[in-house]
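Novice: According to this note's numbering, numbering within the sequence shown proceeds without interruption in unit steps and concludes at 446. Virtual Cβ for every residue (Gly too), placed ideally from N, Cα, C. Quick caveat, the model's predicted, so the values are computed rather than measured. Would you mind keeping the following structure in view while I ask a few things?
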Amino acid sequence: MGMIDLLSRNPSLDPDALTAELAPTPRYQGVRFATYHPNAAYPSQEEARVATQTFLKGAQVRPGGFRLFRRAKPEGRGLYLDGGFGVGKTHLLASAWHEAPGRAALMSFQDLMYIIGALGMTRAVDAFRGHDLLLIDEFELDDPGNTHMANTFLGQLMPGGTSVIATSNTEPGALGQGRFNASDFQRQIQAIASRFETHRIDGPDYRQRGVRPEDVLTPAEFTAWEARQQGATLARLNHRDLSRHLLQVHPSRFTRLLQGVSAVAVTDLTPMPDQNVALRFVHFIDKLYDLGLHAAFTGTNLGGLFSDTYRHGAYAKKYSRCLSRLSELLKEARQEL
Numbered sequence: 110m111g112m113i114d115l116l117s118r119n120p121s122l123d124p125d126a127l128t129a130e131l132a133p134t135p136r137y138q139g140v141r142f143a144t145y146h147p148n149a150a151y152p153s154q155e156e157a158r159v160a161t162q163t164f165l166k167g168a169q170v171r172p173g174g175f176r177l178f179r180r181a182k183p184e185g186r187g188l189y190l191d192g193g194f195g196v197g198k199t200h201l202l203a204s205a206w207h208e209a210p211g212r213a214a215l216m217s218f219q220d221l222m223y224i225i226g227a228l229g230m231t232r233a234v235d236a237f238r239g240h241d242l243l244l245i246d247e248f249e250l251d252d253p254g255n256t257h258m259a260n261t262f263l264g265q266l267m268p269g270g271t272s273v274i275a276t277s278n279t280e281p282g283a284l285g286q287g288r289f290n291a292s293d294f295q296r297q298i299q300a301i302a303s304r305f306e307t308h309r310i311d312g313p314d315y316r317q318r319g320v321r322p323e324d325v326l327t328p329a330e331f332t333a334w335e336a337r338q339q340g341a342t343l344a345r346l347n348h349r350d351l352s353r354h355l356l357q358v359h360p361s362r363f364t365r366l367l368q369g370v371s372a373v374a375v376t377d378l379t380p381m382p383d384q385n386v387a388l389r390f391v392h393f394i395d396k397l398y399d400l401g402l403h404a405a406f407t408g409t410n411l412g413g414l415f416s417d418t419y420r421h422g423a424y425a426k427k428y429s430r431c432l433s434r435l436s437e438l439l440k441e442a443r444q445e446l
């Protein structure tokens, strides 16, 4: 049967196209505040939903209050949602995009960095100057250069009336110690920190319920899964070949790389000792997950993909998020059998 050959694709992308469709990805197209199901054991989840809805309505969210969307536009304000993986932060951002009464854009922090890098700071600021609301998922504090760029970017937009809702992932180990990233966020964005209210979201990763991270598909499961996919829109490739190809494609083009694909099968997963290779794979999984594609994996158990040095280093959150999403993708694959 015919399949899509990802290795033959090397898509180009007009830098201006990066800002064209900053909306919820297919996985989050159907979510709304009403479909967010907070864990009753963690009241902060329901509080986060209320805080986000209140923010959108322009009600008081800090002493003195403000109106987010009114004719005489006030300076923009910010809401920062801080929590671990799988507590529904992206769900809340997508819900905010769907219900925002003004012009809104939703993007990951990494997407924002690609936009600034491709357009330059001045053009990037101009591209978003007419927006009422920016929704930035997975704000990263582990790279001082990127944090400085984000600080400069938001510092030029927010005084003109653009408000921001940002999320960030606190490392699971830090959660166990009762520590969150809010204080780090406030310190790193000193120029605009006073504009943000912070909200902490507790709770376990819902993706890990009943799924062990090391559960890649067995050969029999993989064969059964593949038989259920549409051959014309299936992309199947070896992990080593995928890794080599991803080094030739800029991460900002990964969405284009997956255009027209309904399912991706990555066989023979192997440990990734090179961090550049590992980070490209992480971003590829992020896009595959956000696009809501079917996916299957065989080979090395997920726990052996990334070295402990990486998983506890500067980009620990990226790797933890990737393993969480891989686990959910594998759970979804098994549900298809």
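#1: Contact between the stretch 138 to 154 and the stretch 413 to 433: three or more CB pairs below 8 Å?
#2: Looking only at its chain, what residues have a beta carbon closer than 6 Å to the beta carbon of Val140, apart from the 5 residues adjacent to it on each side?
#3: Taking the continuous beta strand (DSSP E) assigned at Ala275, which residues delimit it?
#4: With C-beta atoms as the reference, is Phe406 less than 7 Å away from Val325?
#5: Roughly how many angstroms lie between the CA atoms of Phe237 and Pro328, to the nearest whole one?
#6: To which residues of the same chain is Leu355 closer than 7 Å at the C-beta, ignoring the five residues directly before and after it?
#7: State whether the stretch 110 to 123 contacts the stretch 341 to 354, with contact taken as three or more CB pairs (one from each stretch) at a distance under 8 Å.
#8: Is the separation between the beta-carbon of Gln384 and that of Tyr428 shorter than 7 Å?
#9: Mapping DSSP to helix, strand and coil, what is Thr307?
#10: Under the three-state reduction of DSSP, which class applies to Leu116: helix, strand or coil?
#11: Take the Cβ of Ser433 as the centre, count every other Cβ of all protein chains shown within 10 Å, and call the residue buried at 16 or more, exposed below.
#12: With DSSP as the reference, please indicate the residues paired to Arg345 in a beta bridge.
#13: Which two residues bound the contiguous beta strand (DSSP E) that contains Glu406?
#14: So Asp246 and Ser217 are supposed to be a Cβ contact under 8 Å. How far apart are they, rounded?
#15: Would you check if there are 3 or more beta carbon pairs closer than 8 Å linking the stretch 305 to 316 to the stretch 208 to 225?
#16: Could you compute how far the alpha carbon of Leu351 sits from the alpha carbon of Leu116?
Specialist: Once the coordinates are examined:
#1: no
#2: His200, Ala203, Ser204
#3: 272 to 278
#4: yes
#5: Approximately 48 Å, taken between the alpha carbons.
#6: Arg389, Phe390, Phe393
#7: yes
#8: no
#9: strand
#10: helix
#11: buried
#12: Ala374
#13: Reading the sequence as shown, one finds Phe at residue 406 and not Glu. Bounds of the beta strand (DSSP E) holding Phe406 are 403 to 408.
#14: 5 Å
#15: Counting C-beta pairs closer than 8 Å gives fewer than three between the stretch 305 to 316 and the stretch 208 to 225, which falls short of the contact rule.
#16: 7 Å
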